[in-house]
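Numbering follows full-length UniProt numbering, with no gaps: position 93 of the sequence shown is 93.
Step one of this worksheet: look at the structure below.
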Amino acid sequence: MASKKRFATLTQADVDEKRAKLAAPNTKRMNLSAANPLRDFLREMDEGVDFEHFTPEQLNETLARFYVCARTHDGQLYRGKSLQGMRYALNRYLQAPPHNKLFDVIKDPVFKKSNENFKLAMAEIKSEGKGDVRHTPPLSKEDLQRLYNSMFLNTKTPAGLGNKVQFDIRVYFLRRGCENMDKMTKNTFSVKTNPTTGKKYVIKEKDELTKNHREMDSEKLTATMPETGDDKCPVASYEKYLSLLHPDCDRLWTFPNDSFTDEDKTWYSRKPMGYNTLRSFMPKLSKLAKLSQVYTNHSARATGVTILADADFSPIDIMSASTHKSVSSLAVYQRTSLTKKLEMGNTISADLNNSRQLFPLSGPSPSHAQPSLPLASASNSSRRHLSSSAKRTSTSTSATISSMQSVDIAQQDLEAFFDTENEPEDFTGAARRPSVPSIFQNCQIGTVNIYHK
1 MASKKRFATL
11 TQADVDEKRA
21 KLAAPNTKRM
31 NLSAANPLRD
41 FLREMDEGVD
51 FEHFTPEQLN
61 ETLARFYVCA
71 RTHDGQLYRG
81 KSLQGMRYAL
91 NRYLQAPPHN
101 KLFDVIKDPV
111 FKKSNENFKL
121 AMAEIKSEGK
131 GDVRHTPPLS
141 KEDLQRLYNS
151 MFLNTKTPAG
161 LGNKVQFDIR
171 VYFLRRGCEN
181 MDKMTKNTFS
191 VKTNPTTGKK
201 YVIKEKDELT
211 KNHREMDSEK
221 LTATMPETGD
231 DKCPVASYEK
241 YLSLLHPDCD
251 RLWTFPNDSF
261 TDEDKTWYSR
271 KPMGYNTLRS
281 FMPKLSKLAK
291 LSQVYTNHSA
301 RATGVTILAD
311 ADFSPIDIMS
321 ASTHKSVSSL
331 AVYQRTSLTK
341 KLEMGNTISA
351 DLNNSRQLFP
361 LSGPSPSHAQ
371 PSLPLASASN
381 SSRRHLSSSA
391 KRTSTSTSAT
401 ISSMQSVDIA
411 QQDLEAFFDT
421 ENEPEDFTGA
431 ARRPSVPSIF
441 QNCQIGTVNI
451 YHK
């Protein structure tokens, strides 16, 4: 009798099948969709479309042309994020079963030319204004208040109760879009009691494969939804919702009954909500509640992460709840709010306004002579006479000059400033009043210091 084999016997096809199942469904769809544009490009160029069988050198030349020529169905440039995502998806497509390529079109040196052309294509996209990244916005505080106070989250109706519990789950547990929402059951979450405080909280019990976690984790990564004790308590809403689900259906999200009364033991039917219904949850709710914009399901996740980041929780703490793999990926959600941007702008304005204030400039020290007023034109003789007159400056002349401070120059004879013993001089030999340059018109005399050589 043959002994029972201890180890499994698997062919390469069996292993490939397991590997294929390991990838998230959305990832597989993206990988397949990334191959189609490249195949269409080769078909339009009248070339062979089976690029999966190209050598690395052939594929490098093909990608070098494809990146700079890539266009949408209507002939427009792709957005930067779209082309970048296509490149990553194409790389995953080639490395996944059944192709199992060992090269990397992004990192390997043999693809240097195509990667340089990819940078060129991204630069062109940016110059055309299509390089911006459109991040999923979190719900504003105003929209959150409007939503929670609307009839569409009213826990006294089946539809309102179901909407509130689903929205609470998405925000508190930082759910990524519709990921695994259609697979949730009544046992996915459970209600626990904190032994220290005696308060209840909801925790996720059932482990699940997600986009970022496709294998066993050494530590369970999850968030909690604590009891608040008010009329909008998420734990009380969850317990009420769970008690009113149909006993013959194990799914967590089901459609409400067409009619109900407060005395009914079940408010929900046995018909579970499908993927498409759950996918339209936030867009539909945004329109019904007339929010400021139409939010996506991922906006609920962005709302939870943003609230935690604004409350100064560390990135490591947030990652334990959001299941992000790297700290850098959280930067997408930690954007500066309009309020903070305005605060920064006002801070700059306040500092600049202080710098713009006018302060009186101190006058020159009395020990320094001010430049004398220029004479229009003076003959050599007049210059000699002026020099001689300056030497004969008397106390009476100094007193006269002192008494004429703050007097409009245009109203006085300049000769009086240099008058000695009341003997006016003709400096030019022609006109008694020297012409005054325009820059000195309507000026007033300040302090005049006269020095003797």
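Here a beta-carbon is modelled for each residue, glycine too, at the ideal position from N, C-alpha and C.
Here the structure is a predicted model, which means the values were calculated and not measured.
Where the beta strand (DSSP E) containing Pro256 begins and where it ends: Here the question's residue 256 lines up with position 256 in the sequence shown. Counting along the chain, the beta strand (DSSP E) containing Pro256 begins and ends at 254-256.
Does the beta-carbon of Pro247 have 16 or more other beta-carbons within 10 angstroms, so that it is buried, or is it exposed? Walking along the sequence shown from the start, residue 247 turns up at place 247. Classification for Pro247: exposed.
Helix, strand or coil for Glu215, going by three-state DSSP, please let me know. For the purposes of this step, residue 215 is taken as the residue at position 215 of the sequence shown. At Glu215, the pLDDT of 49 sits below 50, so the modelled position is not reliable; the number obtained from the coordinates is stated separately. If DSSP states are grouped into helix, strand and coil, Glu215 belongs with coil.
Simplified DSSP state of residue 520, which is helix, strand or coil: What the structure shows of the chain is the stretch from 1 to 453, and residue 520 is not part of that stretch, so it cannot be assessed.
Nearest-angstrom Cα separation, counted from Lys199 out to Thr188: For this step, residue 188 is matched to residue 188 along the sequence shown. For this step, residue 199 is matched to residue 199 along the sequence shown. Going by the C-alpha atoms only, they are around 20 Å apart.
7 Å Cβ shell around Pro272 - same chain, five flanking residues per side excluded: As a working mapping, residue 272 is identified with position 272 in the sequence shown. Counting only Cβ-Cβ distances below 7 Å, and skipping sequence neighbours, we find Cys249, Arg251, Trp253, Thr254.
In the DSSP assignment, find the beta strand (DSSP E) that holds Lys240 and state where it starts and stops. One-based indexing of the sequence shown puts residue 240 at position 240. Unbroken run through Lys240 is the alpha helix (DSSP H), 234-243; no beta strand (DSSP E).
In whole angstroms, what is the alpha-carbon distance linking Arg214 and Asp312? The count along the sequence shown starts at 1 and reaches residue 214 at position 214. The count along the sequence shown starts at 1 and reaches residue 312 at position 312. Residue confidence for Arg214 is low, a pLDDT of 44 falling below 50, so the modelled location carries little weight and cannot support an answer.
Contacting residues, own chain, Cβ-Cβ under 8 Å from Ala8 (five flanking each side not counted): Translated into positions along the sequence shown, residue 8 becomes position 8. No residues qualify anywhere along the chain.
Should Ile106 and Arg87 be called a contact, given that it needs their Cβ atoms to be closer than 8 Å? Stepping through the sequence shown from its first residue, residue 106 is reached at position 106. Stepping through the sequence shown from its first residue, residue 87 is reached at position 87. Yes, the pair counts as a contact, with Cβ atoms nearer than the cut-off.
Residues bridged to Met225 by DSSP? Taking the sequence shown and counting its residues from 1, one reaches residue 225 at position 225. Partner(s): Val202.
Which term fits Arg39, buried or exposed, when burial requires 16 or more other beta carbons within 10 angstroms of its beta carbon? Along the sequence shown, read from residue 1 onward, the residue named residue 39 stands at position 39. Burial call: exposed.
Of the residues Val49, Ala20, Ile125, Leu244, the one placed nearest Tyr78, counting alpha carbons only: Here the question's residue 78 lines up with position 78 in the sequence shown. Residue Ile125 is the option with its Cα nearest to Tyr78.
I'd like the span of the alpha helix (DSSP H) that includes Val191, first residue to last. Walking along the sequence shown from the start, residue 191 turns up at place 191. It is not in any alpha helix (DSSP H) - Val191 instead sits in the beta strand (DSSP E) that spans 189-193.
Is it buried or exposed, Val15, if we count other Cβ atoms within 10 angstroms and call 16 or more buried? Locating residue 15 in the sequence shown gives position 15, where the first residue counts as 1. Exposed.
Return the bridge partner residues of Arg251 from the DSSP annotation. Taking the sequence shown and counting its residues from 1, the one referred to as residue 251 is at position 251. DSSP lists Thr185 as partners of Arg251.
In this structure, what does DSSP give as the bridge partners for Tyr268? Within the sequence shown, residue 268 is the residue found at index 268, counting from 1. Paired residues: Pro256.
Measure how close the beta-carbons of His298 and Gly177 come, nearest whole angstrom, since I'm counting them as under 8 Å. As a first step, residue 298 is located in the sequence shown; it is residue number 298 there, counting from the start. As a first step, residue 177 is located in the sequence shown; it is residue number 177 there, counting from the start. Contact flag correct, Cβ pair sits at about 5 Å.
Distance, Asn180 Cα to Lys21 Cα: Taking the first residue of the sequence shown as 1, we reach residue 21 at position 21. Taking the first residue of the sequence shown as 1, we reach residue 180 at position 180. Their Cα atoms are separated by approximately 15 Å.
Indicate the three-state DSSP secondary structure (helix, strand or coil) for Arg6 in the structure shown. Stepping through the sequence shown from its first residue, residue 6 is reached at position 6. Coil at Arg6, not helix or strand.
Contact between the stretch 51-62 and the stretch 107-127 (3+ Cβ pairs under 8 Å): yes
Rounded to the nearest angstrom, what separates Phe41 and Asp50 at their Cα positions? On the sequence shown, residue 41 is found 41 positions in, with the first residue counted as 1. On the sequence shown, residue 50 is found 50 positions in, with the first residue counted as 1. Those two C-alpha atoms are separated by around 12 Å.
Taking only the alpha-carbon atoms, compute the straight-line gap between Pro283 and Thr277 and give it to the nearest angstrom. To locate residue 283, count along the sequence shown from 1; it is residue 283. To locate residue 277, count along the sequence shown from 1; it is residue 277. Between Pro283 and Thr277, the C-alpha separation is close to 11 Å.
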